[in-house]
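**Student:** Residue numbers (this note's numbering): -13 to 181. Every residue, glycine too, gets a C-beta built ideally from N, C-alpha and C. Just so we're clear, the structure is a prediction, and the values are computed from it rather than from any experiment.
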Amino acid sequence: NRETSLKLVSYMSALLLPVTTTYICDVYSIVVTADAGGNILLWDLMNHSFTRSLNYTSPLPLSIIIHPKNGNIIVGNDNSLTIFAINGDLLLSKQFEESKLVSIGISTGDEWVDRNDVIVTGHADGAIVVWKWDCYIDDSEEEDIFVRGLTKYKVLRDSDQSITCVYLHTKRNVMYTGDAAGKLMSWQMSNIEKK
-13 NRETSLKLVS YMSALLLPVT TTYICDVYSI VVTADAGGNI LLWDLMNHSF
37 TRSLNYTSPL PLSIIIHPKN GNIIVGNDNS LTIFAINGDL LLSKQFEESK
87 LVSIGISTGD EWVDRNDVIV TGHADGAIVV WKWDCYIDDS EEEDIFVRGL
137 TKYKVLRDSD QSITCVYLHT KRNVMYTGDA AGKLMSWQMS NIEKK
């Protein structure tokens, strides 16, 4: 019978309002936090210090996730997704018409949709939206242009309850979603059908 104890190691303080959401990315040794005023901060886990704030001007962030392969920080609020590079640069901001966003999941492999990263959003009305995150170089003009886009790929629905969590299990080619009624759903990756 082992006893476990926790010891406070440090305080990381730069927010003046209550912390509303946080996400830790071990791969990049960072923590992202958001407060009740919509401020989003990055923290270095190695030396427990403030790194930078993100220039986020949308309403209160409800959900944050970090892509473990590229470090992109995806922030969701009621009706938009905002994507930042790990260095804080704004990559994309996308408004959508679906009901209020509740949860976000991401793929970490290329097996979901034509070798593109995928972002999945869960919504208050039970909708699950699969988004393709496209990044490519358009060299058709005199000067190369780096193009980024977020395209709605598919809308799934098997619940009229709020989709409270989304998780894409890349190695098993399965997506799991949970709803406000306590139902856990498993979706097969090949054509994103419910198991």
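Kindly list the residues whose CB is nearer than 7 Å to the CB of R101, restricted to its own chain and excluding five residues on each side of it in sequence; keep chain order.
**Tutor:** Low per-residue confidence applies at R101: pLDDT is 49, beneath 50, and the placement is therefore not dependable, though the value from the model is reported in the following sentence. For R101, where only same-chain residues beyond five positions count, there are no Cβ hits under 7 Å.
**Student:** Where does N58 sit, in a helix, a strand or coil, going by DSSP?
**Tutor:** Coil.
**Student:** Taking the straight line between their C-alpha atoms, what separation do you get for G74 and V88?
**Tutor:** One C-alpha to the other measures close to 23 Å.
**Student:** Pull up the distance between the alpha-carbon of C90 and that of G164, whole angstroms please.
**Tutor:** It should be noted that the sequence gives Ile, not Cys, for residue 90. Distance between the alpha carbons of I90 and G164 is about 12 Å.
**Student:** Cβ of V5 within 9 Å of Cβ of C11?
**Tutor:** For V5 and C11, no; Cβs fall outside 9 Å.
**Student:** Which residue from S(-4), S145 and T156 puts its Cα closest to that of G112?
**Tutor:** Answer by Cα proximity: S145.
**Student:** Output needed for V61: all residues of its chain with C-beta closer than 6 Å, excluding positions within five of it in sequence on either side, in chain order.
**Tutor:** Excluding sequence neighbours, V61 sits near P47, I50 and T68.
**Student:** Mind reading off the beta-carbon distance from L142 to W117? Whole number of angstroms is fine, and I expect it under 8 Å.
**Tutor:** At roughly 12 Å, the Cβ-Cβ gap does not stay under 8 Å, so L142 and W117 are not in contact.
**Student:** From H155, V106 and W29, pick the residue whose C-alpha is nearest to that of R38; which is it?
**Tutor:** Out of H155, V106 and W29, W29 has the C-alpha closest to the C-alpha of R38.
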